[in-house]
Structure formats: C-alpha cells, structure tokens
Amino acid sequence: MNKKFYYILLIMFLLIFVNNSFVYATITSLPLRKGMSGPDVKELQQILVEMGFDLTVDGIFGLETEKVVKDFQLSQGLLADGVVGLETFDKLREVSENIEYEVQPGDTLSEIAEEFNVTIADIKALNQIKDDLIYVGQTLIIPRRGIGDGPQEQVYKNTIHVVQPGDALIKIAKRYGISVDTIKNANNLKSDLIQIGQRLVIPYLQVGPSKNFRLEKGAFIWPVNGRISSGYGYRVHPVFKNKHFHGGIDIAVKIGTPVLAAAGGKVIRAGWISGFGKTIILDHGNGVSTLYAHNSQLLVRVGDMVHVGQVIAKSGNTGQSTGPHLDFRIMLNEKPVNPLHYLP
Numbered sequence: 001m002n003k004k005f006y007y008i009l010l011i012m013f014l015l016i017f018v019n020n021s022f023v024y025a026t027i028t029s030l031p032l033r034k035g036m037s038g039p040d041v042k043e044l045q046q047i048l049v050e051m052g053f054d055l056t057v058d059g060i061f062g063l064e065t066e067k068v069v070k071d072f073q074l075s076q077g078l079l080a081d082g083v084v085g086l087e088t089f090d091k092l093r094e095v096s097e098n099i100e101y102e103v104q105p106g107d108t109l110s111e112i113a114e115e116f117n118v119t120i121a122d123i124k125a126l127n128q129i130k131d132d133l134i135y136v137g138q139t140l141i142i143p144r145r146g147i148g149d150g151p152q153e154q155v156y157k158n159t160i161h162v163v164q165p166g167d168a169l170i171k172i173a174k175r176y177g178i179s180v181d182t183i184k185n186a187n188n189l190k191s192d193l194i195q196i197g198q199r200l201v202i203p204y205l206q207v208g209p210s211k212n213f214r215l216e217k218g219a220f221i222w223p224v225n226g227r228i229s230s231g232y233g234y235r236v237h238p239v240f241k242n243k244h245f246h247g248g249i250d251i252a253v254k255i256g257t258p259v260l261a262a263a264g265g266k267v268i269r270a271g272w273i274s275g276f277g278k279t280i281i282l283d284h285g286n287g288v289s290t291l292y293a294h295n296s297q298l299l300v301r302v303g304d305m306v307h308v309g310q311v312i313a314k315s316g317n318t319g320q321s322t323g324p325h326l327d328f329r330i331m332l333n334e335k336p337v338n339p340l341h342y343l344p
C-alpha cells in the first residue's frame, strides 16, 4: 500500500513538473549571458524566434541575442541587462505559454473560445470559472497553445461586426468578401435594413494569405475607430522634431482598445520592433502586408492564421510614441502605400 502511494505521488510530481516546464525543459543552466553557447542558448533563441523576434538560431549568445533579450526585457518592464536570469526566464515562460484577454461588452465564453481556437473547458479550468458567467473588464487567461493550431481547411466560421455610421449590407459584404444573402441568412434578416450598433454575425471563409488578394478600395476594414492624429506622408517627427516620411496613419485611441486584423492573413511578426514598440505584421498574400504598432498587448504570435476582424492586439503607447495611438500601415512588396486609398 505504501509502495503504491509512493508511485502515485511520484507520478503527480512528474506531471506538475512537466506542465510547468513546458518547452523550457531543456534549459538547465541559468543565468544565460553573452559569451555563452550550447543547447540552452539555442533553446532560448528558438523561444524568442517563436515569439516573433528576428534572431539567428545558432546556439551562440552574441551581441544579436543580447539585444533581442534586452528588447524582450524592455517590453515586459524588466531590467534590460541582456542576461537571462530567473526573473526573465519566468517572464519568457509566462508570455509564451498563456495570454491575457480582457472581456469586452457583448463577449461570451463561446465566442472567446472560438476566437482563440480553444475550448470553453480550457478557459474555465485555467480561470477557475464554475459557470459560463463572465463580466466586462474581467481578465481571462487563455492557453496560447490553441492559437493557430488545428487544420486550416476552408470552412465557414463566425465573427461579429458592429454596424457603424454609413454602413450598408452591401458594403459590409464586400468588406468581408461574402454575399449580402450570406449575411442576411446568418442573421435572419428579412430586409437590407440595419441599425447603428447592431451586432451582425459574419460567416468568414478566408483564413491566411491569399494569392488572389487585391489591393483596392475597401480591401481592408478599419483596425480601430478613432481620430487620425497623423496622416500618411512627410511630417515633423513628434519625437525627434525632424522632417521625415510617415509611411502610415496614426489613429488616436485609448490604451487597451481592441485592434482588429484589417484583412485575413498570416502573422509574420509579433514582438518588439525598435521605434514601433509592440508590433504585429500580417501577410495577406500577393505581396500585401499590414503593420500594427505601439500596442500594449499582443494576442497572436508568428505563424498564426487570423481572419478579418479578429482581435489581434490591444492598442497602447509603446516604442517611440508621444501618446496612445495605433500606427497602421499597408505595404505592397514591403513598400508603404497610403492606407486611406484602401480603407472603406
């Protein structure tokens, strides 16, 4: 009996240890710093790359790795010394394993679970929720492993569109690449009449980049709703006060405003970029990409497939920024174009 009890305790310990170790099971020698090399450094580099940092995975802790570690530490409010000690290690594990999501008005557990490709049971277990009740402003921990997992076959799923002033069914249908009838059938609409603030279920099909993506008026939805505080073109830099070319539009919004994917695509960058702060870049196919900068929180990672209207980040004031806003850019073959030419 004692022997059986011992084995049960041993199994429980191993399960807890494996769960907490996650992908870091091979990192054993802390701290890691410049001048070191080996499998632990290589594992660290791989983790940083998977989080969206641009880094060569060679197992050598050189200047490049030190800079990326400092960028990560800065983004998390840690001492930016370039050394991966216990505090930085724990933050790496926390950021890469799970993400935090703040409940928005109208959210339900089922919608959130679908948005992040996890089950309701996953969310409830991780947040110790006994029923399906959630409240606006509540912070939920979402297992990151669900994001981007699973097959990418083309099947219809749903997203929610809140009707804005000037919206019409035909405009909304074009924006999401579906027919008016598809929207009407999904929402049991008898006519084309809709009201401002009305929540429409939008069945979407496209997931990931498309070879047929066309850069045209209305090809994108607005990633946030707000005042354009700085336009596309030459301007006086708000920080350095010199004249320079601004390759996007700045949209003034409160910190924490949900940032939407302006079109379906694949996440090719998600992390700290010098000057831009916490940034996401999406590849939409056919040489077209979008950039979302100065965020406070990123909700997707490199490799994830996102659909139009999906919440990918929360706006913020990170990087070289003089106030809360979203820097939104559209690029064709990596060269910026005026976003206003392609937004509704």
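Position one of the sequence shown corresponds to residue 1 (full-length UniProt numbering), numbered consecutively onward. Note that CB positions come from ideal geometry on N, CA and C, so glycine has one too.
Three or more pairs of CB atoms, one per stretch, sit closer than 8 angstroms, so the region 291-301 contacts the region 244-260.
Residue environment analysis places L86 among the exposed positions, since fewer than 16 neighbouring C-beta atoms fall within 10 angstroms of its C-beta. Rounded to the nearest whole angstrom, the CA to CA distance from G59 to I141 is 32 angstroms. Within the DSSP bridge table, the entry for D250 names S230, D327 as partners. Taking each of T65, F61, V180 in turn and checking the Cα distance to F53, the smallest one comes out for T65.
One alpha carbon belongs to G248, the other to V337, and they sit about 8 angstroms apart. By the criterion of at least three beta-carbon pairs nearer than 8 angstroms, the region 213-226 is not in contact with the region 272-283. Contact holds between the region 159-171 and the region 182-200, because three or more Cβ pairs, one in each stretch, are under 8 angstroms apart.
Annotation: the continuous alpha helix (DSSP H) that includes D181 extends over 180-187. Shown here for E102: same chain residues with a beta carbon closer than 6 angstroms to its own, the five before and five after excluded, namely T139 in chain order. Rounded to whole angstroms, N286 and M331 show a C-alpha spacing of 11 angstroms. Spatial neighbours of K91 in its own chain (CB-CB distance under 7 angstroms, excluding positions within 5 residues in sequence) are listed in chain order as Q76, L78. Within the same chain, and ignoring the five residues on either side of T159 in sequence, the residues whose Cβ sits closer than 7 angstroms to its Cβ are I202, Y204, H307, G309, Q310. Secondary structure at H244: strand, using DSSP grouped into helix, strand and coil. Per DSSP, N295 lies in no alpha helix (DSSP H); the unbroken beta strand (DSSP E) holding it starts and ends at 288-298. Beta-bridge pairing by DSSP links H161 to L200. Nearest to E43 by alpha-carbon distance, out of V267, D71, G319, R93, is R93. H294 places its beta carbon 8 angstroms or farther from that of T322. Secondary structure note for L282: it is in no alpha helix (DSSP H), and the uninterrupted beta strand (DSSP E) holding it is 277-285. In the DSSP secondary-structure assignment, M305 is bridged to K266. In this structure, DSSP gives T322 a state outside helix and strand, which the three-state scheme calls coil.
Look at S110 here: in three-state DSSP terms it is helix.
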